[in-house]
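First the structure, in the form of C-alpha cells, and then the observations on it.
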Amino acid sequence: MSSFTPVSALLGGLLIGAGASWLLLSLGRIAGISGVIGALPFSRRMEFAWRALFLLGLVTGAGLLYRYGSTFGVQAPLSRIDFPAWKLIVSGLLVGYGTALGSGCTSGHGVCGLARRSPRSLVATVIFLLTGIVTASVLRHWLENWP
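Note that the working numbering has the sequence shown beginning at 4, numbered continuously upward.
Next up, the structure:
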C-alpha cells in the first residue's frame with residue numbers, strides 16, 4: 004500500500020462515473036468499453052461518431068495523464084519495456100476471450116451494471132476480481148522467472 008493515492012483515485016472515480024452517467028443520460032448507452040469497441044466497425048454514421056469520440060477521449064485522457072500528470076502530483080504507471088511481446092499478445096487475447104465469455108468488461112459490469120443494481124453484473128464483477136487476484140498471484144509468485 005505504499006503507492007495508495009486516495010485523492011487521485013477519488014478524482015478518477017468521479018470522472019469515470021461522470022462519463023458513464025453522461026453517456027447513459029444523453030444517449031441511453033452503457034459505457035462498457037468492450038461493447039463500445041466491439042460494435043464500432045458495424046456502426047452507422049451517428050453510432051460510429053459517438054463510439055469513436057468516446058474511445059478518442061479515453062486515449063487522449065491517458066496521454067494527458069502521462070504528459071501532465073506529474074504537474075498535478077499524479078504519477079502515471081510506468082511501462083515495462085522488458086515485458087515479452089508474446090506475453091502481451093497472449094494476455095490481450097485472453098482478456099478479449101474473457102470479455103466475450105462474460106458478456107462485457109469491468110467497466111460495463113463493474114461501473115455501470117453495479118450502479119444499475121444488476122445481479123448479473125455483481126456476479127461478473129466478483130468473478131473478474133477473483134480471477135485478477137488469482138492471475139496476479141500466479142504470475143507474480145509462481146511464473147515470475149518463466150520465459
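The beta-carbon is built from N, C-alpha and C at its ideal position, and this holds for glycine as well.
Only a predicted model underlies this, so the values are computations on that prediction, with no experimental measurement involved.
Separation of the CB atoms of G135 and S124 is rounded to 16 Å, and the pair is thereby denied contact status at 8 Å. Rounded to the nearest whole angstrom, the CA to CA distance from R32 to L14 is 23 Å. A Cβ-Cβ separation of about 10 Å leaves L43 out of contact with A52 under the 8 Å criterion. DSSP places I84 outside both helix and strand once states are collapsed to three, so it counts as coil. Taking 8 Å as the upper bound for CB-CB distance, S37 and G107 are in contact here, some 6 Å apart. By the C-beta density criterion, G16 is exposed, having fewer than 16 other C-beta atoms within 10 angstroms. With a threshold of 16 other beta carbon atoms within 10 Å, A21 falls short and is exposed.
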